[in-house]
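Notes follow once the structure below has been shown.
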Amino acid sequence: MLKELITTIAEALVDDPDQVEVTEVEGNHHGAVIELRVAKNDIGKVIGKDGRTAQSMRVILAAACTKVGRRAHLDIVD
Amino acid sequence: MSEATESPEVDEGWEADDDASGDDAEGADSESTEAKGEGAEAAGGGGRKRRKRRAKRDEEYYPEDDERALKALEFLQRVVSEMQMDCQVHLRRPKDEDSELEINLEITGPDSGRIIGKKGQVLGALQFLTNRVVNRPGLEKRHILVDAEGYRSRRDDSLATMARRLGKQAVTDGKIITFEPMNPRDRRVVHLALAKFDGVVTKSDGEGDDRRVQIIPVRR
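Going down the list, the protein sequences come from chains A and B. If you count the first sequence from 1, position 6 lands on 6 in the numbering used here, and the numbers rise without skipping. In the numbering used here, each residue carries its 1-based index in the second sequence increased by 1000.
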């Protein structure tokens, strides 16, 4: 579900939505790790100027987490 | 039935703001915030547009031929529902006629407090991402505004009230008053609030994140 949230956002941001890949890894006590992979040319689109896009996704992820009582961390993998 | 009180914790903040602004005009029923907002606007002289917006506020607004507005709506609806928030997203008619390029979205419902977040952080993130999704390179820039339960408009109202209070003070003291650094949107609210205020002019000074509004008294 947190995975779907990140997938939705990422797919809307990039030029190549087919290459968006999101996996959820059960992390340590800090909660789940959501790994986001996108096409090479789209990395900038999910990070944004000064990391603002990535930061916004993290804020939204955190809000979703409080609602469902979970913890998760977003990792953009390149 | 404690359900109703549980939702926007942020509500308390607004009320505190409104009280502090001290322009409590009329009695207290559910309409009073609305009345207060309008009173404050009217006092500053910029009331007409504001009232028009309020009147239109509750009408259904669905611009069928505006592809990009619908894209914004669809994106925000999906994100909000995947956040598991109990909320609805609507499009609102842009405030004034001269802002047709604006896309106004409003989120309502029991979870809107969470959607706003601390100091409007979550709301800001949603607005930023919607903006990125709608304003793809090569397209004409559309201004995206995302509000929840009137959070932004109330904040604007109390900011405008504060600006006018400081405007008065600048005139009385004959001294320049400088605000804390603010984002472009908030600075605009201050400029507009004092645009028709006698005895002062406003300008912005500083660069980037350090840009501040100054209220400068002028001799008449």
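Glycine residues also receive a C-beta, built at the ideal position from the N, C-alpha and C atoms. Quantities reported herein were computed from a predicted structural model and do not represent experimental measurements.
Across the structure, A54/A and V46/A are spaced so that their CA atoms are roughly 6 Å apart. Each of M1162/B, V1218/B, R1155/B was checked against the Cα of G1174/B, and the nearest Cα belongs to V1218/B. It is roughly 30 Å from the alpha-carbon of K1203/B to the alpha-carbon of G51/A. Ranked by how close their Cα comes to the Cα of N1135/B, the residues I1103/B, Y1151/B, A1160/B, E1149/B have I1103/B in first place.
Nearest neighbour of L1123/B by Cα position, chosen from L1139/B, L1145/B, G1109/B, turns out to be L1145/B. With a threshold of 7 Å between beta carbons, L5/A makes contact with chain B. Judged by their CB atoms, R1212/B and P1184/B are not nearer to each other than the 7 Å cut-off.
Between the C-alpha atoms of D1086/B and I1176/B there is a straight-line separation of about 46 Å. Within the region 1170-1215 of chain B, complete beta strand (DSSP E) segments of at least 3 residues are found at 1200-1205, given in chain order.
Taking C-beta atoms as the reference points, Q1121/B and V59/A count as a pair closer than 7 Å. Residues of the region 1073-1106 of chain B whose Cβ lies closer than 8 Å to any Cβ of chain A, in chain order: F1075, R1078, V1079, E1082, M1083, Q1084, M1085. With contact defined as three or more Cβ pairs closer than 8 Å, the region 33-41 of chain A and the region 1104-1121 of chain B are not in contact. Per DSSP, the unbroken beta strand (DSSP E) holding V1146/B starts and ends at 1143-1148. Of all residues in the region 4-23 of chain A, only E4, L5, T8, I9, A12, L13 come within less than 7 Å of chain B when Cβ atoms are compared, listed by chain position.
Taking the CA atoms as reference points, K1141/B sits about 20 Å from E1106/B. Counting along the chain, L1091/B sits inside the beta strand (DSSP E) bounded by residues 1088-1092.
Within the region 1128-1157 of chain B, the residues whose Cβ lies closer than 8 Å to some Cβ of chain A are F1128, L1129, R1132, V1133, listed in chain order. Judged by DSSP in its simplified three-state form, N1104/B adopts strand. Inclusion of I9/A and L36/A in the CB contact set at 7 Å is not warranted, their separation being larger than that value.
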